[in-house]
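**Q** Protein chains in written order, with my numbering: chain A, 181 to 283; chain B, 563 to 901.
This is the structure I want to talk about, given as C-alpha cells.
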C-alpha cells in the first residue's frame, strides 16, 4: 500500500503519465484502505478480549442475556447478505461511472 | 444555576431533551419517509420532483434520531439496554430499511439508466420498512414489550397507521413544495392518509389507558380529566379542519389553458396541521408515560446515569443543540419555496 502511494505521488510530482500496468495495480488497490481499517479494528477487538473495557468490564458480563442465538444469527445473516449485495452493486456502479468518463 | 440542577431535576431535563429530539425526528424524518413511500404512485418525472424537494434535508433529519437514541444511551443507560434488547429484531430491520434508503438515494442517479427504476423500488421499500418497524416499535413500547397475540396485533396495526401518518406529512410536504399535477395528486393522498392517521391516534389513545390502570386513573380521574380534555378535543377539531381544508383544495379548478396560473393559497396549512396532530399525540403519550421511561417498570430516576455524568453530558448538549437547531433552520430557510 505504502509503495503504491509513494509511487503514485512520484508520478504526480513528475506529471508523467502512468504506465498501464501501474494503473491496473491502482484499480486493484481501491479497496485496500477499507481493508486496512477493517484489519486494524479486527486486531483491536480480538486483542482486547476477554475485556470489553480493559480491566473494567468483561465481554461476557456486557452481553445482553435476552438476545438468543437464533435472533443473533438472523440479524447477522441479514446484515451480511445486505452488505454482500451492496458491495457488488457498489463495485459495479464505480466501474460503470469510471467507464462512462472514458475519452 | 447549580441549584436547579439536582439529582431530582436532571433526569427530568434529559427526559425532556430526549422527548424533544424524538418528536423532532418523527416530524422531520416522517415527512421524507412519507414522500419515499408515496413515490410508489408517482411517474418518473414526479419522482424526480419529489426527491428534489427532500434532497437537501433527508439525511440531516436523521441526525435527530441519533441524538434521541444517544441521549437515551448516555442519560438512561438501563432503559436503553432494556428497550433496545426488547426491540432487537425490529431495530435491525429498521436499520436495514435506513441503509437501503440511503444507498438507493445516491445510486439511483449514478447507476445505469435502466437500473434507476430498480433503485427507486429499493428506496420505496426502504422507506416502507423503516416506517412500519418504527410504528411496530412504538406499539411494542406502549404495551410494555408484551409478546402475546393481542399485543403483537396492536403493534402491527400501529405500524400500518404510522405509514398513514408519515404519508399524511409527506403528502402535505408535497402540497407545499410542488405544483400542478403532483400537488393535485398529493391532496388526494393526504385525504386518504388523514383517516389512517386518525385511526392510529384513536388506537393509541384507547390502548394506553387499557394496558395500565395507572394511566387510566391519570386520564379519567377528576380533576385531571378536565385538564387533559383539550388534547383529544383539539385533535378531533384538527382532523376535521384538515379534512375540510383538503376538500377545499380539491375543488379548486385547475384552469386547463394555463395550469401554471392556478395557485393554491395557504398551501402550508396541511403541513402545519399534520405536524400539529403528531405534537398532540406526543403530548398525550408523554403525559401518560411520565415519570416512567418503561411502562410501570422503570422511572426516569431509576434509569438515569449518575448526576455527575449527567452534568457533563448536559454541558455538551447545551453547546451542541443550538448548532443543530441553527443549521436546521438555516437549511430550511435557504431551500424554501417551490421546486
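Just so you know, even glycine gets a beta-carbon here, dropped at the ideal spot from N, CA and C.
Fair warning: this is a prediction, and the values are worked out from it, not measured in the lab.
#1: Can we say the stretch 713-731 of chain B touches the stretch 587-596 of chain B, given the rule of at least three CB pairs closer than 8 Å?
#2: Which of the three DSSP states is assigned to residue 799 of chain B in this structure?
#3: Using 8 Å as the threshold, is the C-beta distance between residue 611 of chain B and residue 740 of chain B below it?
#4: Is any beta-carbon of chain B found at less than 8 Å from that of residue 247 of chain A?
#5: Can you tell me whether residue 579 of chain B is buried or exposed, with buried defined as 16 or more other CB within 10 angstroms of its CB?
#6: Mind pulling the chain B residues with CB within less than 8 Å of residue 255 of chain A?
#7: Let me confirm a value: residue 203 of chain A is counted as buried when at least 16 other C-beta atoms fall within 10 Å, else exposed. Which label applies?
#8: From the DSSP output, in three-state form, read off residue 568 of chain B for me.
#9: Find the residues of chain B that neighbour residue 237 of chain A, judging by a C-beta separation of less than 8 Å, and give them in chain order.
#10: Express the C-alpha separation of residue 183 of chain A and residue 895 of chain B in angstroms, rounding to a whole number.
#11: Determine the DSSP secondary structure at residue 902 of chain B, reduced to helix, strand or coil.
#12: Looking only at its own chain, which residues have a Cβ that is under 7 Å from the Cβ of residue 692 of chain B, when we skip the five neighbours before and after it?
#13: Would the beta-carbon of residue 755 of chain B fall within 8 Å of that of residue 726 of chain B?
#14: So the alpha helix (DSSP H) residue 852 of chain B belongs to, where does it begin and stop?
#15: Give the DSSP bridge partners of residue 861 of chain B, in chain order.
#16: Under 7 Å, CB to CB, which of the residues in the stretch 684-706 of chain B have a partner in chain A?
#17: Rounded to whole angstroms, what is the Cα-Cα separation between residue 653 of chain B and residue 751 of chain B?
#18: So the beta strand (DSSP E) residue 232 of chain A belongs to, where does it begin and stop?
#19: Classify residue 238 of chain A as helix, strand or coil using the three-state DSSP reduction.
#20: CB residue 666 of chain B to CB residue 685 of chain B, shorter than 8 Å?
#21: Alpha carbons only, please: which of B:874, B:900, B:862 is nearest the one belonging to residue 571 of chain B?
#22: For the 8 Å Cβ check, are there 3 or more pairs between the stretch 233-243 of chain A and the stretch 635-649 of chain B?
#23: Residue range of the alpha helix (DSSP H) that residue 726 of chain B falls in?
#24: Using only the alpha-carbon positions, how far apart do residue 883 of chain B and residue 791 of chain B sit?
#25: Tell me which residues share the same chain as residue 780 of chain B and place their Cβ nearer than 7 Å to its Cβ, disregarding the 5 neighbours each side in the sequence.
#26: Does the stretch 858-872 of chain B touch the stretch 605-623 of chain B, meaning 3 or more C-beta pairs lie closer than 8 Å?
#27: Taking the CB atoms as reference points, tell me whether residue 736 of chain B and residue 745 of chain B lie closer together than 8 Å.
#28: Any idea if residue 873 of chain B is buried or exposed, counting beta-carbon neighbours within 10 angstroms, 16 or more meaning buried?
**A** Result, derived from the coordinates:
#1: In short, these stretches touch, since the Cβ pair count reaches three.
#2: Here residue 799 of chain B carries a helix assignment [DSSP, helix/strand/coil].
#3: A contact, by the Cβ cut-off of 8 Å.
#4: Yes, its Cβ sits closer than 8 Å to a Cβ of chain B.
#5: Buried.
#6: 650, 651, 654
#7: exposed
#8: The answer is coil: DSSP assigns residue 568 of chain B none of H, G, I, E or B.
#9: Going along chain B, no residue has its Cβ under 8 Å from residue 237 of chain A, so there is no contact; the nearest lies around 12 Å.
#10: 48 Å
#11: The question about residue 902 of chain B has no answer, for chain B in this structure spans 563 to 901.
#12: So the list reads 595, 656, 659, 660, 663, once near-sequence residues are dropped.
#13: Cβ distance < 8 Å, so residue 755 of chain B and residue 726 of chain B count as in contact.
#14: Taken as a continuous stretch (DSSP letters only), residue 852 of chain B belongs to no alpha helix (DSSP H), as it is neither H nor E.
#15: By DSSP's assignment, residue 861 of chain B forms a beta bridge with B:854.
#16: Residues passing the 7 Å Cβ filter: none.
#17: Approximately 28 Å, taken between the alpha carbons.
#18: 231-233
#19: Looking at residue 238 of chain A - three-state DSSP - the assignment turns out to be strand.
#20: yes
#21: Of the listed residues, the one whose Cα sits closest to residue 571 of chain B is B:862.
#22: no
#23: 711-739
#24: 33 Å
#25: 786, 850
#26: no
#27: yes
#28: Burial is judged here by how many other beta carbons sit within 10 angstroms of a residue's own beta carbon; residue 873 of chain B has fewer than 16 and is exposed.
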